[in-house]
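Residue numbering for the sequence shown follows the working numbering, beginning at 3 and increasing consecutively. The beta-carbon is built from N, C-alpha and C at its ideal position, and this holds for glycine as well. One structure below.
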Amino acid sequence: MSLVRLKVANVSKTLEGVHTLDNLTIELHDKEFVVIVGPSGCGKSTLLNVIAGLLKPDRGSVYIDGKDWTGLTGRVSYMQQKDLLLPWKNILDNVSIPLVLKGINKKEARETAWQYLQDFNLQDFAGHYPRQLSGGMRQRVALLRTYLFASDILLLDEPFAALDAITRHKMQLWLKDIRQRYQPSILFVTHDINEALLLADRIYVLSARPASIKLEINLPTTPSGSEKQHLEEQILIILEG
C-alpha cells in the first residue's frame, strides 16, 4: 500500500447546533484520486473545511504526512465551489498570486505561471480577465491556481457542479489528463455518481446528515459497463435510503 498522505481520524462536528459529521475516518494515499459522494447538504463541504483547517472538529484529528494538522491551514490546496478569481487581475496575474505569496518576486512568479499556463493549455488566455472566460475555462484557471497555492494534496469541492453537461464532461476528461501528468493526491467531493465512477480510484459514500461512511469502494482500473452499473445501483440505494 502506498504512503498515506492524508488521514481524517474519527472526526465529528456539530455546526450551528446541527450534528453534521459523525465519527468519520477517511484516508488518501500518495497519487490517489478519492471521491466522496453524498446527498446534498450531508456535510461534504464541512468535511473539507475541517481538513483544510478552516474549521476545528469537536472530536477527532486530521493528519497530513503523518503529522497532526488539526485546525491548521496552509498544508493542503483547497478549491471551493466558486472559483474566487480576482476580477481586476488578468489570468496570468491570477495564477501568479500563490507564487508571489510564497515570496517569489513578481517577475519570476509570472514566468513560472506562464510555463504552467502552457502546460494547462491556457496560454492563449493569459491576458484575458475572468469575466471574458467561459465557466469551464475559469475552472481550469482556478484549478491551476489551487495547485500552485500550497501542495500536491488537492481538495476539490464540486468544482464542475455549475457547468452544463457537455462542458462538465470535457472538464472531467481534462482533469483526468492533468492528474495523470502531475500525479497529485486528490480528494474530490461530488453528489454525481457518474462523475465519481469516471474519476475515482476509490469512493467513500456518505449518509445523509450527520454524515457517516456507509460504503467504501475500490474501483477496478478499467471497470466494465456491467461493473459500473452494479456500483451505480449500490450507491443509489444508499443515497436514496
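So what's residue i in DSSP terms, helix, strand or just coil?
{"i": "Val-97", "result": "helix"}
{"i": "Glu-229", "result": "helix"}
{"i": "Leu-49", "result": "helix"}
{"i": "Leu-199", "result": "helix"}
{"i": "Leu-145", "result": "helix"}
{"i": "Gln-236", "result": "helix"}
{"i": "Ile-138", "result": "As written in the sequence, residue 138 is Gly, which differs from the Ile given in the question. In this structure, Gly-138 counts as helix in the three-state DSSP scheme."}
{"i": "Gln-185", "result": "coil"}
By how many angstroms is the C-alpha of residue j removed from the C-alpha of residue i?
{"i": "Tyr-65", "j": "Gly-19", "result": "26 angstroms"}
{"i": "His-21", "j": "Ile-215", "result": "15 angstroms"}
{"i": "Phe-162", "j": "Glu-197", "result": "10 angstroms"}
{"i": "Ile-99", "j": "Ile-188", "result": "22 angstroms"}
{"i": "Ile-93", "j": "Ile-168", "result": "24 angstroms"}
{"i": "Thr-27", "j": "Arg-142", "result": "30 angstroms"}
{"i": "Ile-240", "j": "Ile-106", "result": "48 angstroms"}
{"i": "Met-173", "j": "Glu-29", "result": "25 angstroms"}
{"i": "Arg-147", "j": "Arg-181", "result": "15 angstroms"}
{"i": "Asp-32", "j": "Ile-155", "result": "9 angstroms"}
{"i": "Gly-68", "j": "Leu-5", "result": "10 angstroms"}
{"i": "Leu-135", "j": "Arg-61", "result": "42 angstroms"}
{"i": "Glu-242", "j": "Lys-91", "result": "44 angstroms"}
{"i": "Leu-208", "j": "Ser-42", "result": "10 angstroms"}
{"i": "Arg-112", "j": "Asp-95", "result": "7 angstroms"}
{"i": "Lys-109", "j": "Leu-200", "result": "39 angstroms"}
{"i": "Ile-38", "j": "Asn-220", "result": "12 angstroms"}
{"i": "Leu-165", "j": "His-232", "result": "27 angstroms"}
{"i": "Gly-137", "j": "Lys-178", "result": "18 angstroms"}
{"i": "Ile-195", "j": "Phe-151", "result": "29 angstroms"}
{"i": "Gln-125", "j": "Asn-25", "result": "44 angstroms"}
{"i": "Asn-51", "j": "Glu-234", "result": "27 angstroms"}
{"i": "Leu-74", "j": "Gly-40", "result": "25 angstroms"}
{"i": "Ile-205", "j": "Phe-190", "result": "10 angstroms"}
Could you tell me which residues DSSP pairs with residue i in its beta bridges?
{"i": "Arg-204", "result": "Val-36 and Asn-220"}
{"i": "Phe-190", "result": "Val-37 and Leu-158"}
{"i": "Val-20", "result": "Leu-17"}
{"i": "Val-6", "result": "His-31"}
{"i": "Leu-26", "result": "Val-13"}
{"i": "Ala-163", "result": "Ala-163 pairs with nothing; no bridge assigned."}
{"i": "Ile-215", "result": "Leu-208"}
Please report the Cβ distance between residue i and residue j, rounded to the nearest whole angstrom; I am assuming they are in contact, meaning their Cβ atoms lie under 8 angstroms.
{"i": "Leu-57", "j": "Lys-15", "result": "7 angstroms"}
{"i": "Pro-186", "j": "Gly-45", "result": "Contact flag wrong, Cβ pair sits at about 24 angstroms."}
{"i": "Ser-63", "j": "Ala-11", "result": "5 angstroms"}
{"i": "Tyr-118", "j": "Val-97", "result": "7 angstroms"}
{"i": "Ala-202", "j": "Val-36", "result": "7 angstroms"}
{"i": "Leu-158", "j": "Met-81", "result": "5 angstroms"}
{"i": "Leu-87", "j": "Ala-144", "result": "6 angstroms"}
Notebook entry, point to check: Counting only runs that start and end within the segment 53-132, where is the beta strand (DSSP E) found for 3 or more residues in a row?
Noted result: Listed in chain order, the complete beta strand (DSSP E) runs (minimum 3 residues) inside the segment 53-132 are 61-66 and 79-81.
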